[in-house]
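Colleague: Mapping of the sequence shown onto numbering that gives the first Met the number 0: position 24 corresponds to residue 23, and the numbering continues sequentially without gaps. We put the CB at the ideal spot given by N, CA and C, even for glycine.
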Amino acid sequence: MPRQRGLTEQAADAAIDTACRLLRLPSIRNEFNDIADRAVKDRMTYRGFLAELLMTECDDRARRRSERRIKAAGFPREKSLRAFDFDANPNIDAATVHTLASCEWIKKSQPLCLIGDCGTGKSHMLIALGTEAAMKGYRVRCTLATKLVNELVEAADEKQLNKTIACYGRVDLLCIDELGYMELDRHGAELLFQVLTEREEKNSVAIASNESFGGWTKTFTDPRLCAAIVDRLTFNGTIIETGTDSYRLASTRARAEEPAKTG
Numbered sequence: 000m001p002r003q004r005g006l007t008e009q010a011a012d013a014a015i016d017t018a019c020r021l022l023r024l025p026s027i028r029n030e031f032n033d034i035a036d037r038a039v040k041d042r043m044t045y046r047g048f049l050a051e052l053l054m055t056e057c058d059d060r061a062r063r064r065s066e067r068r069i070k071a072a073g074f075p076r077e078k079s080l081r082a083f084d085f086d087a088n089p090n091i092d093a094a095t096v097h098t099l100a101s102c103e104w105i106k107k108s109q110p111l112c113l114i115g116d117c118g119t120g121k122s123h124m125l126i127a128l129g130t131e132a133a134m135k136g137y138r139v140r141c142t143l144a145t146k147l148v149n150e151l152v153e154a155a156d157e158k159q160l161n162k163t164i165a166c167y168g169r170v171d172l173l174c175i176d177e178l179g180y181m182e183l184d185r186h187g188a189e190l191l192f193q194v195l196t197e198r199e200e201k202n203s204v205a206i207a208s209n210e211s212f213g214g215w216t217k218t219f220t221d222p223r224l225c226a227a228i229v230d231r232l233t234f235n236g237t238i239i240e241t242g243t244d245s246y247r248l249a250s251t252r253a254r255a256e257e258p259a260k261t262g
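Structure follows, in structure tokens:
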């Protein structure tokens with residue numbers, strides 16, 4: 000049937016709502032009235048009004064895609080670079096971190112190692128940089144080292160190892176936290192090595208560890224395997240040493256001292 004011309008405002012609103020549902024344009028459907036009112040006020044041209052509508056939908060779809068990628072990454076908590084206190088930890092160079100936030104290292108499939116004691120910002124930095132990558136369109140996965148190894152062991156027992164390694168191999172950035180906290184048996188270390196080998200020079204790995212590379216023999220008890228893992232995690236990569244002074248502990252002490260100073 001031919002469309003009726005000269006619709007009333009009420010009929011036009013109903014038609015727009017129906018069309019947006021059919022075409023799956025939820026942002027235009029939700030924002031149309033506000034944008035239309037603004038267009039009248041600002042005396043937009045028809046082209047300008049149409050561009051405003053379409054860009055609203057595009058921007059909202061980009062935001063939803065970012066939210067889905069961040070959720071799929073499995074970050075244990077929300078952390079951002081904006082919330083990181085660089086003044087509290089002078090060991091971490093802000094310029095270096097903001098360069099990493101551009102994600103060129105991920106584009107080049109390079110690794111990143113964050114090494115330092117507890118409370119020095121390693122996990123915050125790992126999650127924040129992973130979040131930046133997800134927001135820029137990269138597929139990211141975040142996990143604890145022990146959790147990853149346990150998953151690989153279970154996959155091997157269930158004859159699903161190749162599939163699991165392939166899944167970890169496909170993401171653009173694999174973030175591994177708490178590497179070096181617990182000793183891994185030879186089988187677990189070998190399985191982790193397979194994941195790193197699958198990703199070598201193809202996709203990036205970022206790790207956070209409370210042990211310097213020299214202490215990794217406590218985690219990977221086979222010296223040759225340990226050396227091979229270190230090699231894969233450092234080749235053409237960036238190493239950031241976050242130091243030994245916990246700024247979390249320093250912040251707690253500072254808050255505890257405030258009542259005494261004001262009293």
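With distances taken from CA atoms, which of T243, P25, I239 and I15 is nearest T95?
Modeller: Translated into the one-based positions of the sequence shown, residue 95 becomes position 96. The residue with the shortest Cα to Cα distance from T95 is I239.
Colleague: Taking A127 as the reference, give the member of A154, I105 and A82 with the closest Cα.
Modeller: Within the sequence shown, numbered from 1, the residue matching residue 127 stands at position 128. Checked all of A154, I105 and A82; the closest Cα to A127 is A82.
Colleague: For a quick check, are the C-beta atoms of E197 and G168 less than 8 Å apart?
Modeller: For the purposes of this step, residue 197 is taken as the residue at position 198 of the sequence shown. For the purposes of this step, residue 168 is taken as the residue at position 169 of the sequence shown. Taking 8 Å as the Cβ cut-off, E197 and G168 qualify as a contacting pair.
Colleague: Who are the near neighbours of L125 in its chain, counting only those whose CB is closer than 7 Å to its CB and skipping five residues on each side?
Modeller: For the purposes of this step, residue 125 is taken as the residue at position 126 of the sequence shown. Closer than 7 Å at the Cβ level, and outside the excluded window around L125, lie L113, C174, D176, A205 and A207.
Colleague: How big is the Cα-Cα spacing for K40 and I15?
Modeller: What you label residue 40 is simply residue 41 of the sequence shown in a count that begins at 1. What you label residue 15 is simply residue 16 of the sequence shown in a count that begins at 1. So the two alpha carbons sit approximately 20 Å from each other.
Colleague: Might you give, ordered along the chain, the residues of its own chain that have their beta carbon closer than 8 Å to the beta carbon of E189, omitting 5 neighbours on each side?
Modeller: Position 190 of the sequence shown holds residue 189. Excluding positions up to five away in sequence, the list reads L224.
Colleague: Please report how far the alpha carbon of W215 lies from the alpha carbon of G179, in whole angstroms.
Modeller: Counted from its first residue, the sequence shown places residue 215 at position 216. Counted from its first residue, the sequence shown places residue 179 at position 180. If you take the alpha carbons of W215 and G179, they lie about 6 Å apart.
Colleague: Using the rule of at least 16 other Cβ atoms within 10 Å of the residue's Cβ for burial, across every protein chain shown, is Y45 buried or exposed?
Modeller: Sequence index remark: in the sequence shown, residue 45 carries index 46 (1-based). Counting Cβ neighbours within 10 Å, Y45 comes out exposed, since fewer than 16 surround it.
Colleague: DSSP has T237 in a bridge; who is on the other side?
Modeller: The sequence position of residue 237 within the sequence shown is 238, counting from 1. Its beta-bridge partners are L111.
Colleague: So who's on the other strand from S65, going by DSSP bridges?
Modeller: Translated into the one-based positions of the sequence shown, residue 65 becomes position 66. Beta-bridge pairing links S65 to no other residue.
Colleague: So, is E115 buried or exposed, given that buried needs 16 or more other C-beta atoms within 10 angstroms?
Modeller: If you number the sequence shown from 1, residue 115 lands on position 116. The displayed chain sequence assigns Gly, not Glu, to residue 115. So G115 counts as buried.
Colleague: Rounding to the nearest angstrom, what Cα-Cα distance links R63 and Y137 in this structure?
Modeller: Residue mapping note: residue 63 aligns to position 64 of the sequence shown, counting from 1. Residue mapping note: residue 137 aligns to position 138 of the sequence shown, counting from 1. In a straight line, the C-alpha of R63 is about 14 Å away from that of Y137.
Colleague: May I ask which residues mark the beginning and end of the beta strand (DSSP E) holding A82?
Modeller: In the sequence shown, residue 82 corresponds to position 83, counting from 1. Note, A82: premise wrong, no beta strand (DSSP E); not H, not E.
Colleague: When the Cα atoms are used, what is the spatial distance from R185 to L53?
Modeller: Within the sequence shown, numbered from 1, the residue matching residue 185 stands at position 186. Within the sequence shown, numbered from 1, the residue matching residue 53 stands at position 54. For R185 and L53, the distance between alpha carbons rounds to 55 Å.
Colleague: So within the segment 158–203, which uninterrupted beta strand (DSSP E) runs reach at least 3 residues, ignoring any that extend past its ends?
Modeller: Counting whole runs of 3 or more residues, the segment 158–203 contains the beta strand (DSSP E) stretches 172–176.
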